[in-house]
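For the sequence shown, this note's numbering gives the first residue as 12, with consecutive numbering after it.
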Amino acid sequence: MALTKNERRIRIKSRIRKVVSGTEARPRLAVFRSNKEIYAQVVNDVTGETIAAASSRDKDIAKSKGNKTEVAALVGKTVAEKAMKAGVETISFDRGGYLYHGRVKSLAEGAREAGLKF
């Protein structure tokens, strides 16, 4: 029997998480994409704490006009600015089992534009 789309994504995500891990020096930028929204957080997996987070549901981002790809770029810029304030410059990108395409790619490029290195 074939896997559902979500089961397939969870398998891919677990393969990625074997390799990608956030440390104090290089935290992980985790992405979650739902049908309507997109969420990103910078996580230190050693201590289990979230350093910075942003989503398309934040008040300043939700007010902005544009399609979902443009909103994802804003989320990337916002999470990068928050991470830079917290003292993070280098991250490892965790695409969460999604293809590096569309909204996920737009979020990553927005974070790069704001100054994060990965």
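The beta-carbon is built from N, C-alpha and C at its ideal position, and this holds for glycine as well.
Can you tell which of the options has the C-alpha that lies nearest to the C-alpha of residue i?
| i | options | result |
| --- | --- | --- |
| V86 | F104, G107, V42 | V42 |
| S103 | V30, Y50, R68, E81 | V30 |
| E60 | L118, A94, D71, N78 | A94 |
Under a Cβ-count criterion, where at least 16 other Cβ atoms within 10 Å of its own Cβ denotes burial, should residue i be classed as buried or exposed?
| i | result |
| --- | --- |
| Y111 | exposed |
| A13 | exposed |
Under DSSP, the beta strand (DSSP E) around residue i begins and ends at which residues?
| i | result |
| --- | --- |
| D105 | 103 to 105 |
| T61 | 60 to 66 |
Tell whether a beta-carbon distance below 8 Å holds between residue i and residue j.
| i | j | result |
| --- | --- | --- |
| G126 | A84 | no |
| R39 | S32 | yes |
| E81 | R68 | no |
| A64 | A73 | no |
| E35 | V57 | yes |
| T101 | R19 | no |
| K88 | G121 | yes |
| R44 | R123 | no |
| K24 | G108 | yes |
Along the alpha helix (DSSP H) that carries residue i, what are the first and last residues, could you check?
| i | result |
| --- | --- |
| E18 | 16 to 30 |
| E35 | Counting along the chain, E35 falls outside any alpha helix (DSSP H), and DSSP gives it neither H nor E. |
| V90 | 79 to 96 |
With DSSP as the reference, please indicate the residues paired to residue i in a beta bridge.
| i | result |
| --- | --- |
| Y50 | F43, S66 |
Is the Cβ of residue i closer than 8 Å to any Cβ of chain C?
| i | result |
| --- | --- |
| I23 | No chain C is present in this structure, which holds just one protein chain. |
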